[in-house]
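Numbering (my numbering), first residue to last: 67 to 420.
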């Protein structure tokens with residue numbers, strides 16, 4: 067089969083492959099929505115040698131062949147496995163989609179993504195297909211459609227809350243001791259001059275030069291590479307529904323979350339805080355709770371909070387979902403299976419203990 071601008075169809079599989087995002091997309095999460103896919107295509111933080119979009123009806127799954135993904139490189143660094151998966155790597159969905167989750171996936175979509183990835187691997191330099199950030203149901207979709215992978219990795223734990231009732235109701239659903247501590251921290255931060263507000267458009271873009279060092283500090287704190295550059299942050303703010311939750315003291319930006327509205331759901335994807343401000347202003351707590359309050363007051367029904375800070379998020383009543391990565395390799399070597407078992411063990415231990 068050959069790729070055309072209009073796509074291609076395999077009548078037996080009922081999937082198409084296109085080099086353009088379709089005009090009609092039924093998205094299961096932010097990261098396979100039309101707005102995100104078109105925006106991410108223009109953002110170059112992941113260095114891609116090629117990409118394509120597998121479609122089944124209006125469902126879409128992106129395929130990226132990458133020569134460098136800072137996010138995946140972070141996992142490799144954390145697990146001591148830099149370079150063990152070859153270069154390039156084919157991803158069915160970017161590793162950057164860890165702040166959402168892919169649940170059940172239509173069988174034709176899985177077959178199309180797998181077949182295309184195997185074509186790329188057999189005809190190119192890549193050795194593996196990585197399918198990141200799947201829920202248990204998403205894993206089952208891949209296993210049922212194309213069989214077992216070379217290895218399975220417990221990649222992440224992501225957190226979310228359903229927005230129900232009022233913000234006050236939300237506060238009283240958490241532990242009383244934690245609620246009183248949050249209220250005290252919010253009051254004390256505001257008394258000392260901390261303000262949290264939502265900004266978008268030109269105003270949000272103007273904050274990127276101050277926000278960028280905060281995102282770098284967050285990566286450094288976790289011994290990871292910088293996951294974004296300024297151009298990528300500007301690019302994300304051009305995606306429909308993008309906004310910033312900005313914490314300021316006077317004219318100084320001390321914390322920021324990058325968020326994305328899609329219908330009645332908001333996903334907070336990345337950000338950072340001035341760590342010296344935490345003790346005096348409780349910056350992280352203020353960002354999380356004032357962003358939650360904004361969601362209650364602006365018709366949101368769900369907040370996706372993403373990875374890391376696991377114990378904090380659990381204490382504050384967020385619901386967890388395990389995310390998995392499947393790694394397929396047509397010529398799997400014994401050392402690959404060993405590396406994947408080590409990656410799983412390292413990341414699982416980190417998630418359980420961090």
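Virtual Cβ for every residue (Gly too), placed ideally from N, Cα, C.
Remember, predicted model here, so these are calculated numbers, not experimental data.
Cβ distance (whole Å) where residue i is taken to contact residue j below 8 Å
i           : j           : result
residue 183 : residue 129 : 6 Å
residue 368 : residue 342 : With 8 Å as the limit, residue 368 and residue 342 do not qualify as a contact, their Cβ atoms being about 33 Å apart.
residue 83  : residue 178 : 7 Å
Short Cβ contact (8 Å threshold) for residue i with residue j
i           : j           : result
residue 386 : residue 223 : yes
residue 200 : residue 389 : yes
residue 237 : residue 273 : no
According to DSSP, residues forming a beta bridge with residue i
i           : result
residue 228 : 368
residue 113 : 134
residue 233 : Per DSSP, none; premise fails for residue 233.
residue 128 : 119
Contact set for residue i: own chain, Cβ-Cβ below 8 Å, skip 5 residues either direction
i           : result
residue 232 : 362
residue 154 : 115, 131, 132, 133, 190, 191, 192
For residue i, the three-state DSSP class (helix, strand or coil)
i           : result
residue 81  : strand
residue 400 : helix
residue 133 : strand
residue 277 : helix
residue 290 : coil
residue 378 : helix
residue 161 : helix
residue 174 : helix
residue 405 : helix
residue 248 : helix
residue 40  : The structure shown does not extend to residue 40, since the chain is modelled only from 67 through 420, so no value can be given for it.
residue 150 : coil
residue 255 : helix
residue 266 : coil
residue 93  : coil
Sequence-distant residues of its chain with Cβ nearer than 6 Å to residue i (five each side left out)
i           : result
residue 327 : 307
residue 404 : none
residue 195 : 156, 183, 394
residue 292 : 282, 285
residue 93  : 99
residue 180 : 212
Other residues of its chain near residue i: CB distance less than 7 Å, five sequence neighbours each side excluded
i           : result
residue 355 : 248, 252
residue 172 : 122, 125
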